[in-house]
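Using my numbering, read the sequence shown as starting at 39 and increasing by one per residue.
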Amino acid sequence: DFVVGSFVKFYGSYDVNEEQVLRSLVDTGECVVEIGANIGSYTVVLADEVYDGALPGGGKGIVYALEPFRKIFQILNANLALQGFGNVVTRNIGMGSKREFVEVKAPDLNEYTNLGAARVFYQQDEEIARVPFQGTEEIEVDALDNLDFIRCPEINFLKIDTEGMEEAVIGGGLRRLQRDWPLIYVESQPYFQDNDDRFLQRMMDWGYSCGPIKQLEMHELLLCVPFEKMEHYRAKLRRGVLR
39 DFVVGSFVKF YGSYDVNEEQ VLRSLVDTGE CVVEIGANIG SYTVVLADEV
89 YDGALPGGGK GIVYALEPFR KIFQILNANL ALQGFGNVVT RNIGMGSKRE
139 FVEVKAPDLN EYTNLGAARV FYQQDEEIAR VPFQGTEEIE VDALDNLDFI
189 RCPEINFLKI DTEGMEEAVI GGGLRRLQRD WPLIYVESQP YFQDNDDRFL
239 QRMMDWGYSC GPIKQLEMHE LLLCVPFEKM EHYRAKLRRG VLR
């Protein structure tokens, strides 16, 4: 992996600024769901931030990390094991608007690759995404509202990196999301690359105000805050790097 994996290997982080932003958005004891965890470069950051060894049970903070591709999922688990995090639940699953099984081209980890660009739906040619393929694999896809293994009473923070499937993912979780009203941290290529604000309009219809995180615009990231809990999150949004 010449992108995320290489940066983590040589510098200890893919992006220190993004790491700081993520740490400012979660607190000890919170429940985080990470959809599209990839190799876990930010899973370990989130797991560390919601955990406090001085508290009983580490403060009960937990991260649910979901990754659809089998080989990338194996790397995710290896990285978590090497870091010693016991407060992460991983699942080899893709997310969408409904439960289904899809057969897709499988990323080839024996070649130079950009694992962060691997996608389940709308797979791009190797020359565009810089993701070489080898064979196929069947991927289980499900909707967030169907995931009964997410046992925390309330989801506090939802991170989505699904290469174009963000609207389907959120649409498949509206029952839970409009009950818990978590912060949503989401990649949106159409907004940044094409000035397409349809996703922002849909999120507004669903009860969220979304806007770019200015210091992370190169990563095409939006932060979505629910109108229902705007005052609740205001202090968190003012702290640290988001002031």
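Positions of the beta carbon are idealized from the N, C-alpha and C atoms, including for glycine.
| Check | Outcome |
| --- | --- |
| Kindly give me the distance between the Cβ atoms of Ile177 and Val207, rounded to whole angstroms, as I take these residues to be in contact under 8 Å. | The Cβ separation is near 14 Å, so there is no contact. |
| On the DSSP bridge list, what partners appear for Tyr102? | Val71, Val127 |
| Does Tyr89 come out as helix, strand or coil in the three-state DSSP assignment? | coil |
| Inspect the CB distances between the region 54-71 and the region 87-97 and report whether three or more fall short of 8 Å. | yes |
| Is Ile251 near Leu238, with beta carbons less than 7 Å apart? | no |
| Classify Met203 as helix, strand or coil using the three-state DSSP reduction. | coil |
| With a CB to CB cut of under 7 Å and the five nearest residues on each side skipped, what residues in its chain are close to Lys98? | Gly67 |
| Just reading off the beta strand (DSSP E) that Ala144 is part of, what are its end residues? | 138-145 |
| How many whole angstroms separate the CB atoms of Leu221 and Trp244, which I take to be in contact at a CB cut-off of 8 Å? | Not confirmed; about 14 Å, so no contact. |
| Comparing alpha-carbon positions, which option in Glu105, Glu57, Leu114, Ile73 lies nearest Glu87? | Glu57 |
| What span of residues does the beta strand (DSSP E) with Val224 cover, start to end? | 221-225 |
| With H, G and I counted as helix, E and B as strand and the rest as coil, what does DSSP make of Val179? | strand |
| What does DSSP give as the partner residues of Gly132 in its beta bridges? | Val179 |
| Considering only residues of the same chain and omitting the five flanking positions on each side of Ala119, which have a CB-CB separation below 6 Å? | none |
| Look at the Cβ atom of Asp146, then the Cβ atom of Phe171, and state whether they are nearer than 7 Å. | yes |
| Using DSSP with H/G/I as helix, E/B as strand and the rest coil, what is Gly97? | helix |
| How long is the line joining the alpha carbons of Arg217 and Asn194, rounded to whole angstroms? | 11 Å |
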